[in-house]
Amino acid sequence: MKIWLKIIAIALLLYVHIGGLLLDVPRLNILNETIRALYFHVPMWFGMVLLFLISFVYSILYLNKPSFDLDVKSVEFANVGLIFGILGMITGMLWANYTWGTPWHGDPKQNGAAVALLVYLAYFILRGSVQNEEQKARLSAVYNIFAFAAMIPLIFIIPRMTSSMHPGSGGNPGFNMYDLDSKMRLVFYPAVIGWFLVGVWIVLLRVKIRILEEKILNFEHE
Amino acid sequence: MILTLIQKEFILELRRKAVISGISLYLVSIIFICYLTFSLRQSSINEATWSALFWLSILFANVNGIAKSFIGEKKGLLIYYYSVASPHAIILSKIIYNVLLSLALAMTGYFLFSIFIDNPVQDVGLFLLTLLLSSFGFSASLSLISAIASKTNNSNVLMAVLSFPVIISLLLMSIKITKNTLDGLAREASQDELVNLLAINCIMVALAYLLFPYIWRS
């Protein structure tokens, strides 16, 4: 990754942590100060979906023209996406503990997110149980594409069809044009970009390590 | 070609009666266990539980029934198919055959449920339509996943692990429509879910059709 992108990522996150904790936020019923979770919890889900989307695109590219690099990229994007998803889940549960009273409330959005995580855990189990490297890459690429397409209705459609206590739906205050005032946007958008850039940075480091390891392995074989 | 392949599936199925009767017995056992463990009949069951139990039994019977579409096949037979038929013809024939199998399982399940447990369905037409639509989705997604799982070491565990998260959206829609038919709501109430179910089916069939050749090659 370009050095200036790394600097931007660090600067944005520094700003998000300081600004997110110190700047004024609007007073809303129930939410009160916990609205600051918006800066840390929501970017995790944005990041997860974006990372999974990139992983999905790399899987398509892999099936189109198989190569080791594409496979590694697709796996690592899914890997870091899963970490983002788990972090999003944990931050959400922390928040829910204070506003809903219990960490797990069985809200449609929570359930949908849990299923999305299950899909990618299954993806890694699939990768673990195939021996042949090429077959592993191809089968997991196929599953990644299939699962991603089957997951979209889960995350985007089903929670919107049922009533939910999650902020932003069903009349609860939260992230929408009316109550996300312009001050919060000043921190929220940098937070999304910053976290996403950090995610991509981690992925690229991991890809580099995997490719080097592969090279060492080939070297030792010779 | 597709017709020949479907015909071949039927002939093979009728020749190895143990497989199909095994799955039927599996379904009967699940439903009988539901009946015994909930000690139904004595205390009547509410609608939500009925639809949950019904769809769970159908789900497990389907996962087991459709799993064998690729997992049980011998290596030599697969190579033979590979040489005589295109992958698209094979996956389409498997999907069509499995739709029939899955529909048969669902109808049997419905019949057994109404004997042992109860038949609270008020709008039978809509319920049967849901069974038909869901069997398309089950068949397409499970056929593809069975093909993936058949290439791995622990196929049976993977079959379950890989299929459940993919199936859930389908299952939730079906359960919702079923609940509407049990509550006796008007058909308009389930329109959104029906459209969604149809859309999910289209996605699944299209993906299975597009992705299968990549698995088949290996």
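Top line first, the protein sequences correspond to chains U and G.
Residue numbers for the first sequence follow the working numbering, so the first one is 1 and each next one is one higher.
Residue numbers for the second sequence follow the working numbering, so the first one is 223 and each next one is one higher.
Glycine included, each C-beta is placed from N, C-alpha and C at the ideal position.
Look at K401/G: its C-beta is not under 8 Å from any C-beta on chain U. Straight-line spacing of the CA atoms in L38/U and A191/U works out to 9 Å. Scanning the segment 284–368 of chain G for uninterrupted alpha helix (DSSP H) segments of 4 residues or longer gives 297–306 and 309–338, listed from N- to C-terminal end.
Taking 3 residues as the minimum length, the segment 73–139 of chain U contains no beta strand (DSSP E) run wholly inside it. In the DSSP assignment, E231/G falls within the alpha helix (DSSP H) that extends over I224 to R237. By the C-beta criterion, the segment 65–76 of chain U is judged to be in contact with the segment 130–139 of chain U, since at least 3 inter-stretch pairs fall below 8 Å.
Residue range S377 to D405 is occupied by the alpha helix (DSSP H) that includes T403/G. The three-state secondary structure of P190/U, taken from DSSP, is helix. Annotated three-state conformation of H41/U is coil, per DSSP.
Judged by pairs of C-beta atoms under 8 Å, the segment 355–364 of chain G touches the segment 415–427 of chain G, as three or more such pairs exist. Taking the Cβ atoms as the reference, I313/G lies roughly 4 Å from F434/G, within the contact range of under 8 Å. Residues of the segment 378–406 of chain G with a Cβ closer than 7 Å to any Cβ of chain U, in chain order: L380, V383, L384, P387, V388, I390, S391 and L394. In summary, no residue of the segment 91–110 of chain U has a CB separated from any CB of chain G by less than 8 Å.
At a C-beta separation below 8 Å, K373/G has these neighbours in chain U: V130, Q135 and L139.
Around the beta carbon of Y123/U, 16 or more other beta carbons lie within 10 angstroms, which makes this residue buried.
Scanning its chain for C-beta atoms nearer than 6 Å, with the 5 sequence neighbours on each side dropped, one finds no residue around A326/G.
In the three-state scheme derived from DSSP, where H, G and I count as helix and E and B as strand, D24/U is classed as coil. Each residue's CA atom was taken as its position, placing F349/G and T403/G some 7 Å apart. Nearest CB-CB separation between L63/U and chain G: below the 8 Å threshold.
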